[in-house]
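Participant:
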Amino acid sequence: MIDLSLVVSELVTNAIRHGAGLAGFDVRTTREGVRIDVHDHSDVIPEAAGGTGALPDVHRGSGYGWPLVIRLARDIDVRRRPGGGKTVSVFVPLRDAPA
1 MIDLSLVVSE
11 LVTNAIRHGA
21 GLAGFDVRTT
31 REGVRIDVHD
41 HSDVIPEAAG
51 GTGALPDVHR
61 GSGYGWPLVI
71 RLARDIDVRR
81 RPGGGKTVSV
91 FVPLRDAPA
């Protein structure tokens, strides 16, 4: 759960700080983990994200947020939203707690 909390915190913080504000947030659970979609108002993506939406501008982040997201999440995808902005989608696998 700590991994999930960290990823959510970083994605939402990035949307607020660098994405012209949070536009939406979706969560879907599976047996294997949690899919998180964070929507913001900016077309700018972090260089480390390497999104699939052919977004025009790139933000060269200076913090630890994206490296942390990349380390903890899987299936990271960044796509353009109709009408502007982007969606950052990640999957965070859930692990069993140690015995």
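Numbering (full-length UniProt numbering) for the sequence shown: 1 to 99.
The beta carbon of each residue, even a glycine, is placed where N, CA and C say it ideally should be.
Quick caveat: nothing in here was measured; it's all calculated off a predicted structure.
(1) Would you mind reading off the limits of the beta strand (DSSP E) that contains Leu-22?
(2) Measuring straight from C-alpha to C-alpha, what distance separates Ile-36 and Ile-70?
(3) How many Å lie between Leu-55 and Tyr-64 at the Cα?
(4) Pop quiz: Leu-94 and Glu-10 are said to be a contact at Cβ under 8 angstroms. What is the actual Cβ separation, rounded to whole angstroms?
(5) Is it true that the CB of Gly-24 sits closer than 8 angstroms to the CB of His-41?
Facilitator: To lay it out plainly:
(1) Per DSSP, the unbroken beta strand (DSSP E) holding Leu-22 starts and ends at 22-29.
(2) 14 angstroms
(3) Confidence is the limiting factor: at Leu-55 the pLDDT is only 42, short of 50, which leaves the residue's position unreliable, though a coordinate-based value still follows. About 22 angstroms.
(4) About 17 angstroms; that fails the 8 angstroms criterion.
(5) no
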